[in-house]
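Everything in the sequence shown is counted per UniProt numbering, starting at 1 for the first residue and increasing by one. Everything on this sheet refers to the single structure shown next.
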Amino acid sequence: MAETKMLTRGQNSDGPSIAARQAPRPRKSHNDYTVGWVCALPKEQAAAIAMLDERHENLPNPPKSKDDNSYALGSIGLHNIVIACLPKGKVGIISAASVAMNMIRSFPSVKFSLMVGIGGGIPNKGKIRLGDVVVGTPTGQYPGVVQWDLGDATKDGFKRTGALNNPPNYLLTALSRLETEMELGGSRIPEYIDQMIAKFPRLRRYRRSESMEDILFRSSYCHVDKSSTGLCEEAHGSNGDESASYVKKEEGGGGEEDEEDEENCQNCDKSKILKRKPRDMQVHYGLIASGNQVIKDANFRDRLNKDFGGEVLCVEVEAAGLLHNFPCIVIRGICHYADSHKNKGWQEHAAAVAAAFAKELLDYVPASDVEGVDPVKDAVQSVERIEAEVEWEQDQQSRLISLGLDLVEKIILKSLNGSQQPTTEINNYKLTT
Numbered sequence: 001m002a003e004t005k006m007l008t009r010g011q012n013s014d015g016p017s018i019a020a021r022q023a024p025r026p027r028k029s030h031n032d033y034t035v036g037w038v039c040a041l042p043k044e045q046a047a048a049i050a051m052l053d054e055r056h057e058n059l060p061n062p063p064k065s066k067d068d069n070s071y072a073l074g075s076i077g078l079h080n081i082v083i084a085c086l087p088k089g090k091v092g093i094i095s096a097a098s099v100a101m102n103m104i105r106s107f108p109s110v111k112f113s114l115m116v117g118i119g120g121g122i123p124n125k126g127k128i129r130l131g132d133v134v135v136g137t138p139t140g141q142y143p144g145v146v147q148w149d150l151g152d153a154t155k156d157g158f159k160r161t162g163a164l165n166n167p168p169n170y171l172l173t174a175l176s177r178l179e180t181e182m183e184l185g186g187s188r189i190p191e192y193i194d195q196m197i198a199k200f201p202r203l204r205r206y207r208r209s210e211s212m213e214d215i216l217f218r219s220s221y222c223h224v225d226k227s228s229t230g231l232c233e234e235a236h237g238s239n240g241d242e243s244a245s246y247v248k249k250e251e252g253g254g255g256e257e258d259e260e261d262e263e264n265c266q267n268c269d270k271s272k273i274l275k276r277k278p279r280d281m282q283v284h285y286g287l288i289a290s291g292n293q294v295i296k297d298a299n300f301r302d303r304l305n306k307d308f309g310g311e312v313l314c315v316e317v318e319a320a321g322l323l324h325n326f327p328c329i330v331i332r333g334i335c336h337y338a339d340s341h342k343n344k345g346w347q348e349h350a351a352a353v354a355a356a357f358a359k360e361l362l363d364y365v366p367a368s369d370v371e372g373v374d375p376v377k378d379a380v381q382s383v384e385r386i387e388a389e390v391e392w393e394q395d396q397q398s399r400l401i402s403l404g405l406d407l408v409e410k411i412i413l414k415s416l417n418g419s420q421q422p423t424t425e426i427n428n429y430k431l432t433t
């Protein structure tokens, strides 16, 4: 007879016991953390925490900091890492910027950040597949990340202006070394995912299973549910109007996560699926397009890619929220193709491969190099100080212009009335300014 193992209170067959989770952890100070890790969704944060080599004791946010973030602390190799997730249901550029700013105020020694999570792939020439990893790196005239929905209206059309700076050189150098090692011996991403599941069995669904199909429909074929026909007029207007429902606004919604009611493609015409040979996961380096809206239309997706010279590999909704002077690198696991067939089936696995790549990258970033880098907080404070000085100068100029106009008016009126000589009024003006 097979032995039956009874579970005592505080134990769980799917994961560490409560006692194990509450075991003493090392305690560091806020100044000990040099790497920031920003996520948008709880499932992305779960993958991030699971990749830590060691968890650290939580720290209270500094008094009077007005920091609403909740942090998970730990280390990978010699790097002490602070992980923050965007507030539930508050995804997008503005929320990401707020989380990043609070992090560097509360953890003043942070030198750079990793923005890690899921995104939509641009299947240009069949290059990108579900479960792949995309890393934002400089491409041609573009930095690693561009904001596709920010720009100026000109006589020649819409000129996009939003972009993040390039990742710092020490991270780009680490990427080059990692890419070389992957070429020689392959990636450790599968190994790290296996280790994650061994430590946290409840995360089994973060591993790719045979039931997960990588299906790509033709751009001209839209999703069919019980109330639609599959004609693309339903997705982007009868005239291809871009103002129709090609995107999902992030304000008031959950962005990538806000897809609870999405159906699978059981009603879609399988003859519209593009045939592709199966292959293993790959890592891609290039351009990521970020915006305030989740793209869910293949035709708009393809036009957006064309606008950037066919260089876009991924679209997402948070990265552009990081400050222009915030040293960071953006890592995305691909969970959909930014079309009307978008669903949640690949989200957990995409979050896992992105987090595993981030861990592998940190193996090639020497902690000694990071120590010699100025904290992000110093750079941000310098920028804020310069912006404050510029604003003060602009206010002073506006005040002087206003006073000057008032002076001219007074001189004219009083000269006409003969009550005061203009030179007297000018001298009085000089004394008051």
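Ideal placement from N, C-alpha and C gives every residue a C-beta, glycine not left out.
Test: residue i CB closer than 8 Å to a CB of chain D
i      : result
Ile331 : In the structure shown, chain D does not exist; there is a single protein chain.
Sequence-distant residues of the same chain with beta carbon closer than 6 Å to residue i, five excluded per side
i      : result
Leu86  : Ala40, Ser95 and Val99
Ile93  : Asn292, Ala320 and Gly321
Tyr71  : Val82 and Ala84
Gly186 : none
Arg205 : Glu348
Phe107 : His30, Tyr33 and Val82
Reference residue i, options the options, closest by Cα
i      : options                           : result
Cys265 : Glu54, Gln293 and His223          : His223
His79  : Gly92, His56 and Lys66            : His56
Trp37  : Ser75, Pro62, Ser65 and Pro26     : Ser75
Asp339 : Glu360, Ala379, Tyr285 and Ile273 : Ile273
Asn305 : Gly120, Asn166, Asn102 and Arg25  : Gly120
Arg105 : Pro62, Val35, Gln141 and Met281   : Pro62
Glu371 : Tyr364, Pro190, Asn102 and Lys111 : Lys111
Ile81  : Asn169, Leu52, Leu171 and Lys64   : Leu52
Asp67  : Glu316, Asn102 and Lys88          : Asn102
Pro138 : Arg160, Pro168 and Asp149         : Pro168
Val145 : Ile295, Gly136 and Ile215         : Gly136
Ala352 : Ile197, Gly89 and Lys342          : Ile197
Met212 : Ala367, Thr34, Asn343 and Asn69   : Asn343
Lys270 : His341, Ile288 and Ile295         : His341
Pro60  : Arg27, Met281, Trp346 and Phe308  : Arg27
Collapsed DSSP secondary structure at residue i in the structure displayed
i           : result
Arg301      : helix
Gln45       : helix
Leu338      : Correcting the residue type first, residue 338 is Ala in the shown sequence and not Leu. It is coil, neither helix nor strand.
Glu233      : With a pLDDT of 45 at Glu233, under the threshold of 50, the modelled position of that residue is not reliable, and the figure given next carries that caveat. Here Glu233 sits in helix by DSSP.
Phe326      : coil
Glu210      : coil
Phe379      : Checking the sequence shown, residue 379 turns out to be Ala, not Phe. Helix at Ala379.
Thr173      : helix
Gly310      : coil
Asn31       : helix
Leu184      : helix
Asn80       : strand
Asp258      : Reliability fails at Asp258, whose pLDDT of 49 lies under 50, so the model's placement of it is uncertain and the value that follows must be treated cautiously. In this structure, Asp258 counts as coil in the three-state DSSP scheme.
Asp194      : helix
His56       : coil
Leu164      : coil
residue 437 : Since the first and last residues shown for the chain are 1 and 433, residue 437 lies out of range.
Arg332      : strand
Glu179      : helix
Asp132      : coil
Val317      : coil
Ser368      : helix
Gly89       : coil
Own chain residues within Cβ distance below 7 Å of residue i, not counting five before or after
i      : result
Phe326 : Ala100, Ser113 and Val376
Ala356 : Met51, Ile189, Tyr192 and Ile193
Pro143 : Ala163, Leu164, Asn165 and Asn166
Val390 : A caution first: Val390 carries a pLDDT of 47, below 50, which makes its placement in the model too unreliable to give a value.
Own chain residues within Cβ distance below 8 Å of residue i, not counting five before or after
i      : result
Arg279 : Arg129
Ile386 : Any reading at Ile386 must be qualified, since the residue scores a pLDDT of 45, below 50, and its modelled position is unreliable; the value itself is stated next. Nothing meets the Cβ criterion.
C-alpha distance - residue i paired with residue j, whole-angstrom precision
i           : j      : result
Leu313      : Tyr192 : 24 Å
residue 490 : Asp363 : This structure cannot speak to residue 490, because the chain is shown only from 1 to 433.
Glu318      : Gln147 : 10 Å
Ala379      : Ala46  : 30 Å
Gly126      : Pro42  : 30 Å
Ser29       : Ser209 : 40 Å
Cys335      : Lys199 : 24 Å
Arg303      : Val283 : 24 Å
Lys368      : Ile49  : Position check: residue 368 holds Ser in this sequence, whereas Lys was assumed. About 23 Å.
Glu54       : Asn31  : 18 Å
Leu287      : Glu316 : 11 Å
Leu184      : Ser65  : 47 Å
Asp124      : Lys277 : The sequence given here places Asn at residue 124; Asp does not occur at that position. When rounded, the distance between both Cα atoms is 15 Å.
Counting Cβ pairs, one atom from each stretch, are 3 or more of them under 8 Å apart for the segment 295 to 310 and the segment 166 to 179? Contact between the segment 295 to 310 and the segment 166 to 179 is absent, with fewer than three C-beta pairs closer than 8 Å.
Would you check if the segment 112 to 121 and the segment 324 to 337 touch, i.e. whether three or more CB-CB distances between them fall below 8 Å? yes
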